[in-house]
Structure formats: structure tokens, C-alpha cells
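Anchor point for the sequence shown: position 57 equals 61 in my numbering, and the numbering is continuous, going up by one each time.
Here is the structure we will look at.
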Amino acid sequence: MQNLTPIYARYLREFLNYLRLERNLSENTKASYAHDLTRYLLYVQDSHENLDEVRAEDVRKFITELHDLGLEASSISRNISAIRSLHKFLSAEKKIRKNVAEEVILPKLGKYLPTVLNQQEVDKLLEMPLHPENPKPKLAIRDKAILEFLYATGVRVSELVELKQQNLFFDSGFARIFGKGAKERLVPVGSSAIHAVETYQKTIRIKLVNRASADFLFLNARGKKLTRMSIYNIVQEYAQQAGIEKSISPHTLRHSFATHLLEGGADLRSVQEMLGHSSIKATQIYTHVDRAFIKEVHKSFHPRG
């Protein structure tokens, strides 16, 4: 229950007591519940003061993050089952008004192929913040920098919100990223993203920054560190403006980053290092996406495709 707010810690404690007293589960099973639900509750408390504020869409976004972490479908199914059990228990005990998790469907076991944008869709998305008809022009330069950096580096949304000023080394074209388990890696940053971020720093960030948030790169309108949910909403709003019909998230830009590198001839090990995957297996999913791209090229251009 480390780092959970008091109300979220109470949710988990009451549910684990229920498992202990009424379900008679093994210690290993209870430990799995505690591990999976702590990760889930840490995620949702980032944007919601209590579980009554959580929507089914928030649960789905968390599942997307589990996919991005490289979890197998069976592990993701186990996580969803735990989340549904927690919400069901709290709803039955009148601790929350509605069990939104029952709306979330368990994934089919098998290969998960991530949603990927093609190059034209990426270009359109990245153009949206500075479009003359952007309904939220005040923070457009910041949003442009966020989208450019996500696509240029392939970082996780959780890594982006923790990115600090002192970890940018634009003179050499790199950023230091702290991933899962505080593992550190250097990722290249392209010129377009560097230009977008530096423009944001000089024009917008300098007006937003305050003492509490001085270290963090990306800030909200009140000068506080952006949350993961805020980044999700930014990406989805601009995707809608761009007319992209695919269901996308910040992870879609990470997936697109990796897939486009492989399409361009990058080797799998280099992509693994840039993504911060501890296992090559997590990176290999993009070879399946790449094959789908190759198949589409063959179908489009071969005389008997």
C-alpha cells in the first residue's frame, strides 16, 4: 500500500480483508491481488481523488498501459479480473456508487497487435496544435511539444510526465529517461522535437513555472506537473481534430515510433534499447506489425497482390 493515498489504501485494505476472511484464498493468490491492485490504484489516484470518479474509460486506459509494459494477455486478464472484483466488492458494500469495471471486457488470449498510425496520420496529428482553428490556442505550443516529443522518442506517458529540465541534453540530441524500476536510458531526440520543446520552454513554460514544479518539463495551465490522464486527453483531443478514426492514446505514438523505425530498417536490439524494454520479447510485437505493413505493401503494389 506504499504511496497510496489514505482513501485508496483503505479501499485495498478492506478488499484484502474480505479475501482473507470470506474467500479463503491462498497467500500467493492474495499477494497477486495486492500487487496488481496496488499498481491499478496508483494509476487512477493520479487523476481521481476516489474510485467514484473513475470511469470505464479510465480502466481501459490502464489496460492499454499494461499492454505497453509488455504483459502477456493472460496476465492482463488476471489484472482485469482483480479490478472487476475490487469494484464489485466496493459497490456491494456501498463504498462506491457504481461498478464501472463490469463494462470492461476481458481480452481474448493470443497475440496483441498494437494500434499504429501511418506516417500521414502522424503528420496530421502533429500539425493540429498549431492549426489556425485550434479551439485551445493558449497552450498549443506546449501541446505541439508534447506530441513531437512522444513520437520522436517513443517514451511512455508515465516517463514523459516525470521528465525534468536537467535531463535534456539537446546540444548532443539526447534526453535521459527514467523508466520502470528507475532504470535509466538515453534516447535520441530529433531536430523537430527539439525545436518544438525549446519553443515551448522560451514562450509558454517560462510563464507557467512556479517553485513547486520548477524541475518538471511539461506543466499545466496552473503551473503544476501534468498528469498521465491529462496527456491522454491531449492526444485524444488532437486525434479527433485530425479526423483520425482509430482509437489512440499516447502509447499509440510509442507504438508508431517503434514500428516506423523497423519499417525504415532499424534493428530490433536498437529499438529495444530506445523503448526501455528489459526483454526482446516485448519489442518483437512490432515485428508482427511490420509484417502487416509489408503485406499491405505487397497487396497494393504487386501485380497479383
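Built from N, CA and C at the ideal position, the CB exists for glycine as well.
Predicted model, so just to flag it, every value in this text is computed and none were measured.
Those residues which DSSP pairs with E188 across a bridge: F182
Whole-Å CB distance - R160 paired with R258, under 8 angstroms assumed: 7 angstroms
Same chain, Cβ closer than 8 angstroms to K187, neighbours up to 5 away in sequence not counted: G280, S282
Just list the residues that DSSP pairs F220 with in beta bridges. K168
Which residues in the same chain as L118 place their Cβ atom closer than 6 angstroms to its Cβ, once the five residues preceding and following it in sequence are excluded? Looking at the sequence shown, residue 118 is not Leu but Pro. Same-chain partners within the cutoff: H259.
Cβ atoms of V165 and F93: under 8 angstroms apart, would you say? no
Going by alpha carbons, who is nearest to R232 out of H52, Y155, A77, H199? H52
Three or more beta-carbon pairs under 8 angstroms between the region 269-276 and the region 134-142, yes or no? no
Give a yes or no on whether the C-beta atoms belonging to N237 and G227 are separated by under 8 angstroms. no
Can you check DSSP and say which residues form a bridge with K229? L223
Spatial distance of P10 from K184 (CA atoms): 24 angstroms
With H, G and I counted as helix, E and B as strand and the rest as coil, what does DSSP make of F93? helix
Touching or not, the region 36-45 and the region 67-86, by the rule of three or more beta carbon pairs under 8 angstroms? yes
Whole angstroms are fine: how far does the CA of I198 sit from the CA of D62? 31 angstroms
Hey, out of I67, R17, R209, L8, whose CA is closest to K142's CA? R209
Beta-carbon contacts of T207 that lie in its chain and below 8 angstroms, excluding the five residues immediately before and after: I145
Given a threshold of 16 other Cβ atoms within 10 Å of its Cβ, counted over all protein chains shown, does E76 qualify as buried or as exposed? exposed
I'd like the list of long-range same chain contacts for L20, defined as Cβ closer than 8 angstroms, with 5 residues on each side in sequence excluded. K34, Y37, A38
In DSSP terms, what F261 is bridged to: According to DSSP, F261 bridges with nothing at all.
Assumed close pair L55, I100 - CB separation to whole angstroms, cut-off 8 angstroms: 5 angstroms
Which partner residues of F173 appear in the DSSP bridge assignment? F178
Name the two residues that bound the continuous alpha helix (DSSP H) containing V213. Segment: none, V213 is in no alpha helix (DSSP H) and carries neither H nor E.
Through-space distance from A246 to V239, alpha-carbon basis: 10 angstroms
Using C-beta distances below 6 angstroms, list every residue in its chain close to L151, excluding the 5 sequence neighbours before and after it, in chain order. L130
Burial state of P139, where buried means 16 or more other Cβ atoms lie within 10 Å: exposed
Where do the ends of the alpha helix (DSSP H) carrying D127 lie? 123-131
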